[in-house]
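Numbers 5 to 200, taken from our numbering, label the letters of the sequence shown in order. Idealized CB from N, CA, C, for every residue including glycine. The next block holds one structure in the form of structure tokens; read it before the comments.
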Amino acid sequence: MQNHHQEANSLPLRDRDLLQRLNFYFDSLDTRLQQGEGWVIFNADGSRSARITQYLLHRLRETTLMSHYFVPWRDFSLTSYMVEVELQSLDTTPDQLPGNLKREYDIATRVSQQTMIKMVTADLLIVNELLPRHGHEVRYLNDTIESRYRSRLATIIVTPEQPHELEHDVTRLADHGVDTWGRLSHRLYEMNLIAI
5 MQNHHQEANS LPLRDRDLLQ RLNFYFDSLD TRLQQGEGWV IFNADGSRSA RITQYLLHRL
65 RETTLMSHYF VPWRDFSLTS YMVEVELQSL DTTPDQLPGN LKREYDIATR VSQQTMIKMV
125 TADLLIVNEL LPRHGHEVRY LNDTIESRYR SRLATIIVTP EQPHELEHDV TRLADHGVDT
185 WGRLSHRLYE MNLIAI
């Protein structure tokens, strides 16, 4: 026990504060989920991201009364590419595809739909290491957050970026950058606790 206490005290102050705040959050998780409250944790890269991720996964293992979906950004990005780009870029209808391509299309569609359903229906969605680099990622992120917002479902986002960096990326990558960021940031800041 003393070793755990010493380890916690060796963390930077901002991480000790964040872990304490996360403890309060998870101690009242049922209430937080009923209210749709989540987190946006900025400036979490490297070892800080690993500590936060380890903590979140540990706390989620302790609870079985709610559904949760943990998705690393690379998986979110891949799903967004499949849904927003690849599956929509087919020049032909799926029924006109030859044998192997039809099976591959069916598998990709099914996996993407299952992932999408989990992301918009889980009581708690955790998107880890969010770092948008493509327009399709921003579109999919915006749609996911909007759907969760309308359903009052909690989301935890962990990103290595600072708030102004995320704003810059979303504004630069989105079709209607300023409007998209305005809508997305409104959803994020209205429903989530913030840590920098």
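Decide if residue 108 is buried, meaning its Cβ has at least 16 other Cβ atoms within 10 Å, or exposed.
exposed
Cβ pair residue 163, residue 141 closer than 8 Å
no
Are residue 67 and residue 22 touching if we call contact CB-CB under 8 Å?
no
Can residue 174 and residue 151 be called in contact, C-beta distance under 8 Å?
no
From residue 145 to residue 24, what does the alpha carbon distance come to, in whole angstroms?
28 Å
For residue 80, the three-state DSSP class (helix, strand or coil)
helix
For residue 179 and residue 143, I'd like the C-alpha separation in whole angstroms.
8 Å
According to DSSP, simplified to helix, strand and coil, what is residue 74?
strand
First and last residue of the alpha helix (DSSP H) that includes residue 113?
103 to 125
Rounded to whole angstroms, how far is the Cβ of residue 77 from the Cβ of residue 196, which I believe are closer than 8 Å?
At roughly 17 Å, the Cβ-Cβ gap does not stay under 8 Å, so residue 77 and residue 196 are not in contact.
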